[in-house]
Amino acid sequence: AYIEKIVVTNFKSYGTEKLEIPLGEGFIGIVGPNGAGKSNIGDAISFGLGLSTSKTMRAKNLTHLIYSKQGHREDFAQVDIYFAKPQIFGYDEFVITRIIYKDGKSLYKLNGKIIREKDLHLILAKGGIYKEGYNIVLQGDIVKFVKITPTERRKIIEDVA
Amino acid sequence: AYIEKIVVTNFKSYGTEKLEIPLGEGFIGIVGPNGAGKSNIGDAISFGLGLSTSKTMRAKNLTHLIYSKQGHREDFAQVDIYFAKPQIFGYDEFVITRIIYKDGKSLYKLNGKIIREKDLHLILAKGGIYKEGYNIVLQGDIVKFVKITPTERRKIIEDVA
Amino acid sequence: KYSAFMEAFNNIRKNFKQIYSKVSYQGKADLLLENEEDPFSGGVSIFVKPRGKDVQYVEAMSGGEQTLAAMSLIFAIQEYKPSVFYYFDEIDAHLDEANAYLLGQMIKEKSDKVQFIVVTLRENLANFADKLIGVTSKDGISKTLTFKSLKEVS
Amino acid sequence: KYSAFMEAFNNIRKNFKQIYSKVSYQGKADLLLENEEDPFSGGVSIFVKPRGKDVQYVEAMSGGEQTLAAMSLIFAIQEYKPSVFYYFDEIDAHLDEANAYLLGQMIKEKSDKVQFIVVTLRENLANFADKLIGVTSKDGISKTLTFKSLKEVS
Ligand SMILES: Nc1ncnc2c1ncn2[C@@H]1O[C@H](COP(=O)(O)OP(=O)(O)OP(=O)(O)O)[C@@H](O)[C@H]1O
Ligand SMILES: Nc1ncnc2c1ncn2[C@@H]1O[C@H](COP(=O)(O)OP(=O)(O)OP(=O)(O)O)[C@@H](O)[C@H]1O
Ligand SMILES: [Mg+2]
Ligand SMILES: [Mg+2]
Chain A
5 AYIEKIVVTN FKSYGTEKLE IPLGEGFIGI VGPNGAGKSN IGDAISFGLG
55 LSTSKTMRAK NLTHLIYSKQ GHREDFAQVD IYFAKPQIFG YDEFVITRII
105 YKDGKSLYKL NGKIIREKDL HLILAKGGIY KEGYNIVLQG DIVKFVKITP
155 TERRKIIEDV A
Chain B
5 AYIEKIVVTN FKSYGTEKLE IPLGEGFIGI VGPNGAGKSN IGDAISFGLG
55 LSTSKTMRAK NLTHLIYSKQ GHREDFAQVD IYFAKPQIFG YDEFVITRII
105 YKDGKSLYKL NGKIIREKDL HLILAKGGIY KEGYNIVLQG DIVKFVKITP
155 TERRKIIEDV A
Chain C
136 KYSAFMEAFN NIRKNFKQIY SKVSYQGKAD LLLENEEDPF SGGVSIFVKP
186 RGKDVQYVEA MSGGEQTLAA MSLIFAIQEY KPSVFYYFDE IDAHLDEANA
236 YLLGQMIKEK SDKVQFIVVT LRENLANFAD KLIGVTSKDG ISKTLTFKSL
286 KEVS
Chain D
136 KYSAFMEAFN NIRKNFKQIY SKVSYQGKAD LLLENEEDPF SGGVSIFVKP
186 RGKDVQYVEA MSGGEQTLAA MSLIFAIQEY KPSVFYYFDE IDAHLDEANA
236 YLLGQMIKEK SDKVQFIVVT LRENLANFAD KLIGVTSKDG ISKTLTFKSL
286 KEVS
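Protein chains in written order, with the working numbering: chain A, 5 to 165; chain B, 5 to 165; chain C, 136 to 289; chain D, 136 to 289.
1) Less than 8 Å between the CB atoms is what I'm expecting for B:A129 and B:E8, so what's the real figure, rounded?
2) Kindly examine ligand 4 and report whether one of its heavy atoms sits closer than 7 Å to the Cβ of D:L224.
3) DSSP on C:Q191, reduced to helix/strand/coil?
4) Examine ligand 1 and report whether any of its heavy atoms sits within less than 7 Å of the Cβ of D:M88.
5) Determine the direct distance from the alpha carbon of D:A264 to that of B:G108, and round the result to whole angstroms.
6) What residue range is occupied by the uninterrupted alpha helix (DSSP H) comprising C:Y155?
7) Near D:F220, which residues of its chain fall below 8 Å by C-beta distance, leaving aside the five closest residues on each side in sequence?
8) Beta-carbon within less than 8 Å of B:F98's beta-carbon, same chain only, minus the 5 sequence neighbours each way: which residues are those?
9) Measure how close the beta-carbons of A:Y138 and C:I209 come, nearest whole angstrom, since I'm counting them as under 8 Å.
10) What is the DSSP secondary structure of B:G94, reduced to helix, strand or coil?
11) Which residues does DSSP pair with A:I85 in a beta bridge?
12) Check whether the Cβ of C:K184 lies closer than 7 Å to any heavy atom of ligand 3, and answer yes or no.
13) Could you spell out where the beta strand (DSSP E) holding C:A164 opens and where it closes?
14) Can B:L142 and B:G46 be called in contact, C-beta distance under 8 Å?
15) For B:S43, go through chain C and note every residue whose CB falls closer than 7 Å to its CB, in chain order.
16) Specify the secondary structure class of A:I127 as computed by DSSP and reduced to three states.
17) Where do the ends of the alpha helix (DSSP H) carrying A:D1 lie?
18) Counting Cβ pairs, one atom from each stretch, are 3 or more of them under 8 Å apart for the stretch 32-40 of chain B and the stretch 52-67 of chain B?
19) Return the first residue and the last residue of the alpha helix (DSSP H) that A:L53 is part of.
20) Does A:S17 come out as helix, strand or coil in the three-state DSSP assignment?
21) Would you please verify whether the beta carbon of D:K273 is less than 8 Å from any beta carbon of chain C?
22) To the nearest angstrom, report how far apart A:I103 and A:G52 are at their CA atoms.
23) I need the straight-line Cα distance from D:Y160 to B:I127, nearest angstrom please.
24) If you measure between the beta carbons of D:P174 and D:L168, is that distance less than 8 Å?
25) Counting along the chain, where does the beta strand (DSSP E) carrying B:G33 start and finish?
26) Can you find a heavy atom of ligand 1 that lies under 7 Å from the Cβ of D:D231?
27) For B:E136, which of helix, strand or coil comes out of DSSP?
28) Can you tell me which of C:N259, C:E258, C:K152 puts its alpha carbon nearest to the alpha carbon of C:E214?
29) Is B:L142 close to chain D? Criterion is C-beta to C-beta, closer than 8 Å.
30) Flag this pair as yes or no: are the beta carbons of A:S17 and A:N44 separated by less than 8 Å?
31) Within 10 Å of its beta-carbon, does D:V190 have 16 or more other beta-carbons around it, so buried, or fewer, so exposed?
32) Hey, is B:A63's beta-carbon within less than 8 Å of any beta-carbon in chain C?
33) Alpha carbon to alpha carbon, how far is D:D224 from D:I268? Give it in angstroms, no decimals.
34) Any beta-carbon of chain B closer than 8 Å to the one on C:L230?
35) Starting from A:K113, follow the beta strand (DSSP E) in both directions and report where the run begins and ends.
36) What does the alpha-carbon distance come out to for the pair D:T271 and B:I152?
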């Protein structure tokens, strides 16, 4: 399985038009100038799959992920993550949607049908995707793996086991 | 004034032979592979002038700055910092020496004569050099200037005033 | 629980030693249980010995050396229990050109089975990608465009 | 004490606005007193508005944007009360090629009066240096060699 594309609406710097961000199989490089919106793609993945906190997505709270211009914040932000060849999750189609509303409410959908976060996480685990997992390394974080305490490192291995 | 050269003996990765590291006027670039010893030059400056703690020089304590090979640590480490055109400090010659001994004792010399750290710092202040000053930015630290609290930022400006 | 942990630990440890040796040109690294009889009463420590050097405290290592050790551990876990995708954001920030190249090569090798989404500012790492997503912004609005290699752009 | 602080603050603030505007191609930045009547009962906040964007929380800014703001503040202080030397270690880690070039240019301009010792892994920043100290290590022992430009080495 792999992420084929991400569709974002009102998410961080990606403006108000529904925008398709292609990804695809293999080694995908994300390049561009400082401040362009590269790390925001990682935030879209983390947000969409419910893998992190607003702090790690550099937002004061989840509503700060909603596109805002000159003090005007949109009513909601939506991210749709499309997985190709998703049989490992037990599905032939696998689209995860998450919406955050201006009032702070948030919901998830799997293939268009509402799902609870913890049930989504049980399914994602089949693809080796976990909350606080080790497949997502945010900007500046790489060295943490060697700087954590021995006990924290043991816990990482326990989680994997 | 500028640092003309640094002479190191048994300091960090610079081995047991007395070694002269040339610097000089203007814009000096320090280049080389990972792990070569580039940042250790910054540590030599910080150590020699007494501007930081052992933690910021990545040593468990000052004696870890002494060159060590296969468990054998030398008896002392010495750094000599030569300033050219040092009239701003009130001197025609300006060589700062600092020695750290294996037992943890440390001393400073100015032009070969023992000096106390706080007296040295009063002289260095004439050249805009302060402990915890803003002229030394260690690896990974650049973003701290914008991430500190407003109160800490005010204190920085107070120090400069 | 003990046997599940030990199986994971032994596999990850074996991978870690082998991967680190490769990226550090015969350097050595290891993972050790602080308490061998009762692993859960202690942690897992990491030992790194870059080529030609002594074993070092991880805190004393250079930024680039720490990155190589960290990447080796991530790949060690990945070889034991892969995730379907990995997202790395500027993990090459403190790597010299040669190590950035080596990392690009390693990711390329592993990407036949696993998806790697890698944000980088380094041309020599971007050159290993199967395709590139270029991100730009105008008046605060981001957009993307897709191309095969950086040569198309410059 | 109040007047010494206000003189420093006003000068540094003026420098900061001007330098940031230059490195960000007409972006805006400012330093503000949290408490204008009694500066010492509040802190100094930093506001940054990159070109084409809104004013942002510093935490929401990208790594490269934060580096530009931080460098602008360091140079703002430097223009008010210079130190005789500056030591910068991999401050370009999160800068794209264009911003690394701009930073190299800026350091070069200021280096006629002030010494800048700059550790960098980036060729396009090293190219601005007056001379280069190459550091290498063999069997764990470092040594240096001096050259004028990277072209001498490759
Ligand atoms: N809710 C939002 N609305 C509008 N813009 C936002 C929002 N949240 C973040 N941004 C903008 O996104 C930009 C940061 O994008 P991002 O961190 O993805 O950049 P980047 O390409 O990774 O840059 P760098 O190479 O410097 O790391 C910031 O300029 C920020 O103002
Ligand atoms: N007391 C010591 N004795 C011997 N070697 C030491 C000592 N202290 C540190 N070192 C070695 O110095 C090396 C680190 O050097 P340094 O941090 O200067 O590298 P660097 O050139 O800045 O690398 P990078 O580009 O990765 O930041 C480490 O390999 C460490 O083992
Ligand atoms: Mg980024
Ligand atoms: Mg370094």
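Ideal Cβ placement from N, Cα and C applies to all residues, glycine included.
With the given structure in hand:
1) The pair is not a contact, with the Cβ atoms about 20 Å apart (cut-off 8 Å).
2) The question names Leu, but residue 224 of chain D in the sequence shown is Asp. Indeed, a heavy atom of ligand 4 lies less than 7 Å from the Cβ.
3) strand
4) In the structure as shown, chain D begins at 136 and stops at 289. Residue 88 of chain D is therefore absent and cannot be evaluated.
5) 38 Å
6) 137-158
7) V249, Q250, F251, I252
8) A5, Y86, F87, P90, L114, N115
9) 6 Å
10) coil
11) A:I10, A:I100
12) no
13) 163-168
14) yes
15) S197
16) helix
17) Nothing about residue 1 of chain A can be reported from this structure: the residues present for chain A run from 5 to 165 only.
18) no
19) 42-53
20) helix
21) yes
22) 8 Å
23) 39 Å
24) yes
25) 31-35
26) yes
27) coil
28) C:K152
29) yes
30) yes
31) exposed
32) yes
33) 14 Å
34) yes
35) 110-114
36) 35 Å
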